[in-house]
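Chemist:
Residue numbers (the numbering used here): 368 to 1065.
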């Protein structure tokens, strides 16, 4: 039997057991539950982002000055002010509106259904988990300023109500609620005008197709203006918003939107390579779950989420292809369900593709940053809507096939399998988030213990983003802001020299990502100080984008002679299997070494080995200073030398062609650099490379 909505009636043989519909509902509930755990489990956090910190700073000047000067819309400012007025300076409540909006978005996705489709419980659950597990979405859900998830919710509501009309093959009705959403969007986030433009683009295509099929009589001027409503009304609202916001924010944005110019100046390619890289970045962000810290037991979860997203994408393409095939054979009038799915897919695809086209062109003109979900976050639920519809349609087809084959038992079996998959992945994501929270808490406490250690005579803060909760720096701390034009290297050098003159001592240095980036070739700024003054690193801790070092400053009489050299070599490797390669470049203790080049060459060509961004890098008694772009290693502790083992040089199969390892390093070397190979029997005798005396370091 078949119900009016197209879903097969549960067979009597499953009486007393969960019906197919109940299994789908359970999957939806499980997905929403795990999504809420992911959102609220790490809501408070331990540090503010820059926008949240700036909002708090401006709040100290009073409400009126805050409204006049802070560079966000009044809606955003009033929300933050209200939270501050009711709950004080509390991270949890600053972020509560964002978390509630994120939760409401997941709930809305869970409840969104279209008539004519199957119940689609598993499909809606998959759509919920697709959004809930995304790293960008979870970041926005825990971001109190500006209001990203509130914008996502409003955009989702607008896309959802228009999608219903579009799938029925008619123009959307511009009710008061829909017009209010259109007016509100630019005040939540100005770039949502792009979304309104995408909706308008589809509606104009809809009118144009009708004009082509039915002639001018069917498409009046009123119809064209009706299609233009979202963009015209949104543009007026955006203009009014622009007049209400101080110009400082816009000037700053224009200065920073030089992505393509920087791309060309760095020799990374032309316009085609720039656009391709941007699109690849956006695609990668849709596949990305929150990254787990090194050493996490559930480190496989982000990869499992990526495969889950790819499986949903493949299923969606299959559903669209099947629907298109049937419509081409029988016509859209005879197959309203298939025609509705194709219209919905065309609507959502037009929105996303038009936004990508406009933003890429704007980025090439340096009028928009290089695109990412950070800037296009308001369309993050569009793929989820399409996935929900596509899986619901596949559910209808599978139910029909099961009924024809008299195999009704496959319906609850398939939904039970879907429920198990949702519970397995959702539970893994939630457990991984709990584990990550514990790891971050330990890192945070380690960082605070270094900063507040009585042994450190001075704490030097070189991080213009140190906005931690309940973690004021000790009284001895010196804070220098890079954005205030202060001579940070000069001030740090002065502090170290004073300690040296006094016979040495200990200090802690706090840095952020902005500082760790290299300024020029060679060592990172912090690494240069470690090398220049022979600082003895005793403790290190990282948290988020911050790093703190506890170092002993030797007195002048303790400092040894420097022996900085550059080594360049090509090391031949055996043709048999290699389990791993270990670099042991210096016998000295606490010796900074910069790896300028490390390239593996085999029969397939050469490929660079990224030691700075290697999250699975094996190491012993070695500290990595810097970021993923440029870094310096400090090998050795107070007693023994150190080594590293790049993950890209593990499990290398046999290769009859000649292969070698090309390297260039700068640092304090002894008489030789040691390279150990594990060919399956453990590390044997090392390959010895001697530095060239005539190649001085930089």
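Ideal Cβ placement from N, Cα and C applies to all residues, glycine included. No experiment lies behind these values; they were computed from the predicted model shown.
Would you report the Cα separation of residue 393 and residue 675, rounded to the nearest angstrom?
Modeler: The sequence position of residue 393 within the chain shown is 26, counting from 1. The sequence position of residue 675 within the chain shown is 308, counting from 1. C-alpha separation (whole angstroms): 19 Å.
Chemist: Thinking just about the alpha-carbon of each residue, which of 998, 868, 1007 is nearest to the one in residue 988?
Modeler: In the chain shown, counting from the first residue as 1, residue 988 sits at position 621. Residue 988 has its Cα closest to that of 1007, out of 998, 868, 1007.
Chemist: How would you call residue 714, buried or exposed, if buried means at least 16 neighbouring beta carbons within 10 angstroms?
Modeler: Here residue 714 refers to the residue found at position 347 of the chain shown. Result: buried.
Chemist: Just to confirm the assignment, what range does the alpha helix (DSSP H) spanning residue 777 have?
Modeler: As a first step, residue 777 is located in the chain shown; it is residue number 410 there, counting from the start. Run containing residue 777: 777-818, per the alpha helix (DSSP H) assignment.
Chemist: Count the other CB atoms, across all protein chains shown, that sit within 10 Å of the CB of residue 1018; report buried if there are 16 or more and exposed otherwise.
Modeler: Within the chain shown, the letter at position 651 stands for residue 1018. Label assigned to residue 1018: exposed.
Chemist: Which residue wins for smallest C-alpha separation from residue 657, given the options 795, 1013, 451?
Modeler: Position 290 of the chain shown, counting from 1, holds the residue named residue 657. It is 795.
Chemist: I need the boundaries of the alpha helix (DSSP H) containing residue 676, first residue and last residue.
Modeler: In the chain shown, residue 676 corresponds to position 309, counting from 1. That run of the alpha helix (DSSP H) goes 668-697.
Chemist: Would you report the Cα separation of residue 1051 and residue 990, rounded to the nearest angstrom?
Modeler: The count along the chain shown starts at 1 and reaches residue 1051 at position 684. The count along the chain shown starts at 1 and reaches residue 990 at position 623. Distance between the alpha carbons of residue 1051 and residue 990 is about 25 Å.
Chemist: For residue 520, which residues in the same chain have their Cβ closer than 6 Å to its Cβ, ignoring the five residues on either side in sequence?
Modeler: Position 153 of the chain shown holds residue 520. Around residue 520: 468, 471, 472.
Chemist: Strictly by DSSP, which residues pair up with residue 821?
Modeler: Stepping through the chain shown from its first residue, residue 821 is reached at position 454. Partner(s): none; residue 821 has no beta bridge.
Chemist: Note down the Cα distance separating residue 757 from residue 694, rounded to an integer number of angstroms.
Modeler: Taking the chain shown and counting its residues from 1, one reaches residue 757 at position 390. Taking the chain shown and counting its residues from 1, one reaches residue 694 at position 327. For residue 757 and residue 694, the distance between alpha carbons rounds to 15 Å.
Chemist: When we look at the beta-carbon of residue 937 and count the other beta-carbons within 10 Å, is it buried (16 or more) or exposed?
Modeler: As a position in the chain shown, residue 937 is number 570, starting the count at 1. Classification of residue 937: exposed, given that the 10 Å Cβ count is below 16.
Chemist: Identify the continuous beta strand (DSSP E) that holds residue 933 and give its terminal residues.
Modeler: Taking the first residue of the chain shown as 1, we reach residue 933 at position 566. Where residue 933 is concerned, the enclosing beta strand (DSSP E) stretches over 931-940.
Chemist: Skipping 5 residues on each side, what residues in its chain have a beta carbon closer than 7 Å to that of residue 557?
Modeler: Here residue 557 corresponds to residue number 190 of the chain shown, with the count starting at 1. Excluding sequence neighbours, residue 557 sits near 605, 608.
Chemist: Grab the span of the alpha helix (DSSP H) containing residue 721 for me, first residue to last.
Modeler: By one-based count along the chain shown, residue 721 stands at place 354. Its alpha helix (DSSP H) spans residues 703-731.
Chemist: Quick one: residues in its chain with C-beta nearer than 8 Å to the C-beta of residue 383, no 5 flanking neighbours on either side, listed in chain order?
Modeler: Looking up residue 383 in the chain shown gives position 16. Unreliable placement is indicated for residue 383, whose pLDDT of 41 sits below 50; the coordinate value is still reported in the next sentence. Counting only Cβ-Cβ distances below 8 Å, and skipping sequence neighbours, we find nothing.
Chemist: Beta strand (DSSP E) containing residue 514: first to last residue?
Modeler: Translated into positions along the chain shown, residue 514 becomes position 147. Per DSSP, residue 514 belongs to no beta strand (DSSP E) and is neither H nor E.
Chemist: Spatial neighbours of residue 1056 within its chain, please: C-beta separation below 7 Å, excluding the five flanking residues on both sides.
Modeler: Within the chain shown, residue 1056 is the residue found at index 689, counting from 1. Only 934, 936, 938, 1039, 1040, 1042 meet the Cβ criterion.
Chemist: Alpha helix (DSSP H) containing residue 632: first to last residue?
Modeler: As a position in the chain shown, residue 632 is number 265, starting the count at 1. Segment 626-632, the alpha helix (DSSP H) holding residue 632.
Chemist: Hey, could you find the ends of the alpha helix (DSSP H) residue 548 is sitting in?
Modeler: Taking the first residue of the chain shown as 1, we reach residue 548 at position 181. Segment 543-555, the alpha helix (DSSP H) holding residue 548.
Chemist: Compute the Euclidean distance between the alpha carbons of residue 862 and residue 817, then round it to the nearest angstrom.
Modeler: Working through the chain shown from its first residue, we reach residue 862 at position 495. Working through the chain shown from its first residue, we reach residue 817 at position 450. Going from the Cα of residue 862 to the Cα of residue 817 covers about 18 Å.
Chemist: Assuming the contact rule is C-beta atoms closer than 8 Å, residue 464 and residue 517 should be a hit. Round their C-beta distance to whole Å, please.
Modeler: The residue you call residue 464 lines up with position 97 of the chain shown. The residue you call residue 517 lines up with position 150 of the chain shown. About 7 Å separates the two Cβ atoms, so the contact holds.
Chemist: One question on the structure: do residue 495 and residue 395 come within less than 9 Å of each other, judged by their Cβ atoms?
Modeler: As a first step, residue 495 is located in the chain shown; it is residue number 128 there, counting from the start. As a first step, residue 395 is located in the chain shown; it is residue number 28 there, counting from the start. Yes, these two residues count as a Cβ contact at 9 Å.
Chemist: Helix, strand or coil for residue 591, going by three-state DSSP, please let me know.
Modeler: Residue mapping note: residue 591 aligns to position 224 of the chain shown, counting from 1. In this structure, residue 591 counts as helix in the three-state DSSP scheme.
Chemist: Indicate whether residue 491 and residue 398 have their beta-carbon atoms separated by less than 9 Å.
Modeler: Looking up residue 491 in the chain shown gives position 124. Looking up residue 398 in the chain shown gives position 31. Taking 9 Å as the Cβ cut-off, residue 491 and residue 398 qualify as a contacting pair.
Chemist: At what residues does the alpha helix (DSSP H) containing residue 646 begin and finish?
Modeler: Within the chain shown, numbered from 1, the residue matching residue 646 stands at position 279. Note, residue 646: alpha helix (DSSP H), 638-653.
Chemist: Go ahead and label residue 523 buried or exposed: buried means 16 or more other beta carbons lie within 10 angstroms of its beta carbon, across all protein chains shown.
Modeler: As a first step, residue 523 is located in the chain shown; it is residue number 156 there, counting from the start. Buried, because 16 or more other Cβ atoms sit within 10 Å of the Cβ of residue 523.
Chemist: What separation, rounded to the nearest whole angstrom, lies between the Cα atoms of residue 1024 and residue 710?
Modeler: Taking the chain shown and counting its residues from 1, the one referred to as residue 1024 is at position 657. Taking the chain shown and counting its residues from 1, the one referred to as residue 710 is at position 343. Cα to Cα, the separation comes out at about 54 Å.
Chemist: Rounded to whole angstroms, what is the Cα-Cα separation between residue 1022 and residue 1048?
Modeler: For the purposes of this step, residue 1022 is identified with residue 655 of the chain shown, where counting begins at 1. For the purposes of this step, residue 1048 is identified with residue 681 of the chain shown, where counting begins at 1. The straight-line gap from Cα to Cα measures roughly 18 Å.
Chemist: My output table needs one value for residue 960: the three-state DSSP class, helix, strand or coil.
Modeler: Numbered from its first residue, the chain shown carries residue 960 at position 593. The answer is strand: DSSP assigns residue 960 an E or B state.
Chemist: Return the first residue and the last residue of the beta strand (DSSP E) that residue 1033 is part of.
Modeler: Within the chain shown, residue 1033 is the residue found at index 666, counting from 1. 1026-1035 is the extent of the beta strand (DSSP E) around residue 1033.
Chemist: Can you tell me which of the three DSSP states residue 969 falls into?
Modeler: The count along the chain shown starts at 1 and reaches residue 969 at position 602. Here residue 969 sits in strand by DSSP.
Chemist: Alpha carbon to alpha carbon, how far is residue 1035 from residue 931? Give it in angstroms, no decimals.
Modeler: For the purposes of this step, residue 931 is taken as the residue at position 564 of the chain shown. For the purposes of this step, residue 1035 is taken as the residue at position 668 of the chain shown. Residue 931 and residue 1035: Cα-Cα distance of roughly 5 Å.
Chemist: Go to residue 494, then tell me how far its alpha helix (DSSP H) extends in each direction, as first and last residue.
Modeler: By 1-based counting over the chain shown, the position of residue 494 is 127. That run of the alpha helix (DSSP H) goes 488-499.
Chemist: Could you check where the alpha helix (DSSP H) with residue 581 kicks off and where it finishes?
Modeler: Sequence index remark: in the chain shown, residue 581 carries index 214 (1-based). Here the alpha helix (DSSP H) through residue 581 covers 560-581.
Chemist: Assuming the contact rule is C-beta atoms closer than 8 Å, residue 722 and residue 743 should be a hit. Round their C-beta distance to whole Å, please.
Modeler: Position 355 of the chain shown holds residue 722. Position 376 of the chain shown holds residue 743. 6 Å between Cβ atoms; contact.
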